[in-house]
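Peer 1: Each residue of the sequence shown is one higher than the one before, counting from 3 in our numbering. Ideal placement from N, C-alpha and C gives every residue a C-beta, glycine not left out. Here the structure is a predicted model, which means the values were calculated and not measured.
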Amino acid sequence: MIPISTVRLGDDVAERVLEVIRSGIIAQGPVVAEFEREFATLQQVEHAVAVNNGTTALVASLEVLDLEEGDEVVTTPFTFAATLNAILEAGATVRFADIRLDDYCIDPESISARLTDRTRVVMPVHLYGQAADMAPIAQIAASRGLSIVEDAAQAHGATYGGAPVGGFGLAGFSFYATKNLTTGEGGMITTNDGELADKLRILRNQGMRARYEYVMAGHNYRLTDLAAAVVLPQLATYADQLAARRRNAAGLIERLGEVDGLVLPQELPGREHVWHQFTVLLPDGTDRAAFVDRLTAAGVGSGIYYPRLVHDYGVYRKDPRVVIEETPNAALVASRCLSLPVHAGVTEADLDVIASAVREAVEAR
Ligand SMILES: *Cc1c(COP(=O)(O)O)cnc(C)c1O
3 MIPISTVRLG DDVAERVLEV IRSGIIAQGP VVAEFEREFA TLQQVEHAVA
53 VNNGTTALVA SLEVLDLEEG DEVVTTPFTF AATLNAILEA GATVRFADIR
103 LDDYCIDPES ISARLTDRTR VVMPVHLYGQ AADMAPIAQI AASRGLSIVE
153 DAAQAHGATY GGAPVGGFGL AGFSFYATKN LTTGEGGMIT TNDGELADKL
203 RILRNQGMRA RYEYVMAGHN YRLTDLAAAV VLPQLATYAD QLAARRRNAA
253 GLIERLGEVD GLVLPQELPG REHVWHQFTV LLPDGTDRAA FVDRLTAAGV
303 GSGIYYPRLV HDYGVYRKDP RVVIEETPNA ALVASRCLSL PVHAGVTEAD
353 LDVIASAVRE AVEAR
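Have a look at this one:
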């Protein structure tokens, strides 16, 4: 079976973790600080603040913006539940803009249509590892005095206009087990705003500026040195992992180029895609469950990210803070999307297996 994702940690990781165990400092300490410095370098930002997971990174980002009840965040409905849950956790109201069909990310024109006098934040999601169209989003935000919180959970190292994402305001990254970089569970907030970074460091540590000097009601959002030790060796070889993902994405595009009705993902000009997922749209009318079964029978793992719009569940329906409007592009993509293995563990031979399985499943449908 070619899995949709794998976790492969080497002896170098085991060695770093052992060092932490032997050091006697296993909670937040010098290894977290080293991770923050290295991650700030990767994303080319001034500040990186480590937290215990990616959802927390988004919640904390919204919390330091001091939102009030009724303040609105505009985001995409085609994302993981964490994006929506973070907004609700921070006490804000959410409105959904539609997505574009070339990048599956939030459509700047649709954002404009959702703005009200209560809008405070725009929250694009760099879905599958490709940046949302940030130039027009930044322009809308600047002209209306809005903050930007990037959901960069899937986009470590992705670039827009030549620079890495994560520097448009505040950005939340995830290091969950299946993300491109992992600490098992972990998160990071990046920003070029020193005041907000300072506030985030205090917020994550019970509101303390120094020991027992409380300046706000805070939380325990801290990451551990044990977890940070897992990711440091991965950072050192991340460029190689990205090269492998790019090679695999190019290989799939080449092999699947002539499959009738299948829509392939594109890397848009000026944006470096980090291929967290390689997501196709199945031909119109395909029975997706049967398609997945055919791939599984051929030894090809796949994933549906995401089968429904994020708000399309009973738990959100009665919440007045979840304001639902029509998003036809997002609805279409959710109904037809399917992700194929693209990670660094996928070999050239695997690409042939994946491509012929997809081709045969399209023909058999
Ligand atoms: C993974 C993910 C998150 C949440 O990260 P966790 O570390 O799992 O809390 C948020 N948004 C998106 C788009 C994600 O893929």
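Report, in whole angstroms, the separation of the C-beta atoms of I6 and P343, which I expect to be a contact under 8 Å.
Peer 2: Indexing the sequence shown from 1 puts residue 6 at position 4. Indexing the sequence shown from 1 puts residue 343 at position 341. At roughly 5 Å, the Cβ-Cβ gap stays under 8 Å, so I6 and P343 are in contact.
Peer 1: Answer yes or no: the CB of Y130 versus the heavy atoms of ligand 1, is any distance below 7 Å?
Peer 2: As a working mapping, residue 130 is identified with position 128 in the sequence shown. No.
Peer 1: At which residues does the alpha helix (DSSP H) containing R367 begin and terminate?
Peer 2: Along the sequence shown, read from residue 1 onward, the residue named residue 367 stands at position 365. Segment: none, R367 is in no alpha helix (DSSP H) and carries neither H nor E.
Peer 1: For a test of your reading of the model: does the CB of N55 fall under 7 Å from any non-hydrogen atom of ligand 3? Yes or no.
Peer 2: By its list of ligands, the structure shown excludes ligand 3, since it contains just ligand 1.
Peer 1: Use the C-beta contact count for K320: other C-beta atoms within 10 angstroms, 16 or more gives buried, fewer gives exposed.
Peer 2: Here residue 320 corresponds to residue number 318 of the sequence shown, with the count starting at 1. Its Cβ having fewer than 16 others within 10 Å, K320 is exposed.
Peer 1: Should F98 be listed as close to ligand 1, given that the test is whether its C-beta is under 7 Å from any heavy atom?
Peer 2: For the purposes of this step, residue 98 is taken as residue 96 along the sequence shown, with counting starting at 1. Because no heavy atom of ligand 1 lies under 7 Å away, the Cβ of F98 does not count as near it: no.
Peer 1: In this structure, does DSSP put P79 in helix, strand or coil?
Peer 2: One-based indexing of the sequence shown puts residue 79 at position 77. In the structure shown, P79 sits in coil (DSSP, three-state: anything other than H, G, I, E or B).
Peer 1: Going by Cα to Cα distance, which pick from A238, P166, N222 is closest to E274?
Peer 2: For the purposes of this step, residue 274 is taken as the residue at position 272 of the sequence shown. For the residues A238, P166, N222, the minimum Cα distance to E274 belongs to P166.
Peer 1: Anyone know if the C-beta pair for A298 and R367 falls short of 8 Å?
Peer 2: Counting from one through the sequence shown, the residue named residue 298 turns up at place 296. Counting from one through the sequence shown, the residue named residue 367 turns up at place 365. In the sequence as displayed, the identity of residue 298 is Thr instead of Ala. Taking 8 Å as the Cβ cut-off, T298 and R367 do not qualify as a contacting pair.
Peer 1: So, V151 versus G169, is the Cβ gap smaller than 8 Å?
Peer 2: Residue mapping note: residue 151 aligns to position 149 of the sequence shown, counting from 1. Residue mapping note: residue 169 aligns to position 167 of the sequence shown, counting from 1. Cβ atoms of V151 and G169: not closer than 8 Å.
Peer 1: According to the neighbour-count rule (16 or more other Cβ atoms, all chains shown, within 10 Å of its Cβ), is Y308 buried or exposed?
Peer 2: Start at 1 with the first residue of the sequence shown, and residue 308 comes out as number 306. Y308 is buried by the Cβ-count criterion.
Peer 1: Using three-state DSSP, classify Q22 as helix, strand or coil.
Peer 2: Taking the first residue of the sequence shown as 1, we reach residue 22 at position 20. One point to set straight first is that residue 22 is Val, not Gln, in the sequence displayed. Three-state result, V22: helix.
Peer 1: Please classify R248: does DSSP put it in a helix, a strand, or coil?
Peer 2: Here residue 248 is taken as the residue at index 246 of the sequence shown, counted from 1. Residue state, collapsed to three classes: helix.
Peer 1: Output the residue ranges of the beta strand (DSSP E) runs that lie fully inside the region 141-184 and measure 3 residues or longer, sorted by chain position.
Peer 2: You should have 149-153, 172-176.
Peer 1: Return the first residue and the last residue of the beta strand (DSSP E) that T239 is part of.
Peer 2: On the sequence shown, position 237 is the one that residue 239 refers to. No beta strand (DSSP E) contains T239, which DSSP labels as neither H nor E.
Peer 1: Out of V33, R97, A29, which has the shortest C-alpha to C-alpha gap to R18?
Peer 2: Locating residue 18 in the sequence shown gives position 16, where the first residue counts as 1. The shortest Cα separation from R18 among V33, R97, A29 belongs to V33.
Peer 1: Comparing the CB of K320 with every heavy atom of ligand 1, is any distance shorter than 7 Å?
Peer 2: As a first step, residue 320 must be located in the sequence shown, where it is residue number 318. Not under cutoff, so the answer is no.
Peer 1: State the beta-bridge partners of M210 as determined by DSSP.
Peer 2: By one-based count along the sequence shown, residue 210 stands at place 208. Answer by DSSP bridge pairing, in chain order: Y216.
Peer 1: For A346 and R247, which I take to be in contact (beta-carbon distance under 8 Å), what is that distance rounded to the nearest angstrom?
Peer 2: Taking the sequence shown and counting its residues from 1, one reaches residue 346 at position 344. Taking the sequence shown and counting its residues from 1, one reaches residue 247 at position 245. Indeed they touch by this definition, with Cβ atoms about 6 Å apart.
Peer 1: Taking the runs of the beta strand (DSSP E) that are 3 residues or longer, which of them lie wholly in the region 44-111?
Peer 2: Those beta strand (DSSP E) runs which fall completely within the region 44-111 and span 3+ residues are 49-53, 74-77, 95-98.
Peer 1: With three or more beta-carbon pairs closer than 8 Å as the criterion, would you say the region 130-147 touches the region 193-204?
Peer 2: No: the two stretches stay apart, fewer than three of their Cβ pairs being nearer than 8 Å.
Peer 1: When you compare only the Cα positions, how much space is there between G26 and A99?
Peer 2: Counting from one through the sequence shown, the residue named residue 26 turns up at place 24. Counting from one through the sequence shown, the residue named residue 99 turns up at place 97. Distance between the alpha carbons of G26 and A99: 48 Å.
Peer 1: Measuring from the CB of V127, is there a heavy atom of ligand 1 at a distance below 7 Å?
Peer 2: The residue labelled residue 127 in the question sits at position 125 within the sequence shown. Yes, Cβ of V127 sits closer than 7 Å to a heavy atom of ligand 1.
Peer 1: Should S149 and V123 be called a contact, given that it needs their Cβ atoms to be closer than 8 Å?
Peer 2: For this step, residue 149 is matched to residue 147 along the sequence shown. For this step, residue 123 is matched to residue 121 along the sequence shown. Yes; because the gap between Cβ atoms is below 8 Å, this pair is in contact.
Peer 1: Cβ-heavy atom distance between A84 and ligand 1 below 7 Å?
Peer 2: Residue numbering aside, residue 84 sits at position 82 when the sequence shown is read from its first letter. Yes, the beta carbon of A84 sits closer than 7 Å to at least one heavy atom of ligand 1.
Peer 1: Assuming the contact rule is C-beta atoms closer than 8 Å, T183 and L237 should be a hit. Round their C-beta distance to whole Å, please.
Peer 2: The residue given as residue 183 occupies position 181 in the sequence shown. The residue given as residue 237 occupies position 235 in the sequence shown. According to the sequence provided, residue 183 is Leu. The question's Thr does not apply to it. That pair is a contact at about 7 Å.
Peer 1: Just to check my reading of the structure: M125 and V76 have Cβ atoms closer than 8 Å, yes? What is that Cβ distance to the nearest angstrom?
Peer 2: Translated into the one-based positions of the sequence shown, residue 125 becomes position 123. Translated into the one-based positions of the sequence shown, residue 76 becomes position 74. Confirmed, about 7 Å.
Peer 1: Check for me: the beta strand (DSSP E) holding T121 runs from which residue to which?
Peer 2: To locate residue 121, count along the sequence shown from 1; it is residue 119. T121 -> beta strand (DSSP E) spans 121-125.
Peer 1: Which residue marks the beginning of the alpha helix (DSSP H) containing V282, and which one marks its end?
Peer 2: Counting from 1 along the sequence shown, the entry for residue 282 is found at position 280. No alpha helix (DSSP H) contains V282, which is instead part of the beta strand (DSSP E) from 280-283.
Peer 1: What I want to know is whether the C-beta of Q156 ends up closer than 7 Å to one or more non-hydrogen atoms of ligand 1.
Peer 2: To locate residue 156, count along the sequence shown from 1; it is residue 154. Q156: yes, Cβ under 7 Å from ligand 1.
Peer 1: Using only alpha-carbon positions, find the residue among G220, Y214, Y106 that is nearest to S63.
Peer 2: Residue 63 sits at position 61 when you count from the first residue of the sequence shown. Out of G220, Y214, Y106, G220 has the C-alpha closest to the C-alpha of S63.
Peer 1: What I want to know is whether the C-beta of D153 ends up closer than 7 Å to one or more non-hydrogen atoms of ligand 1.
Peer 2: As a first step, residue 153 is located in the sequence shown; it is residue number 151 there, counting from the start. Correct: D153 has its Cβ closer than 7 Å to ligand 1.
Peer 1: Measuring straight from C-alpha to C-alpha, what distance separates V233 and T8?
Peer 2: On the sequence shown, position 231 is the one that residue 233 refers to. On the sequence shown, position 6 is the one that residue 8 refers to. So the two alpha carbons sit approximately 15 Å from each other.
Peer 1: For G301 and G159, I'd like the C-alpha separation in whole angstroms.
Peer 2: On the sequence shown, position 299 is the one that residue 301 refers to. On the sequence shown, position 157 is the one that residue 159 refers to. Going by the C-alpha atoms only, they are around 31 Å apart.
Peer 1: Under the three-state reduction of DSSP, which class applies to N222: helix, strand or coil?
Peer 2: Stepping through the sequence shown from its first residue, residue 222 is reached at position 220. In the structure shown, N222 sits in a strand (DSSP, three-state: E or B).
Peer 1: Please state the DSSP three-state secondary structure of I4.
Peer 2: Residue 4 sits at position 2 when you count from the first residue of the sequence shown. Residue state, collapsed to three classes: strand.
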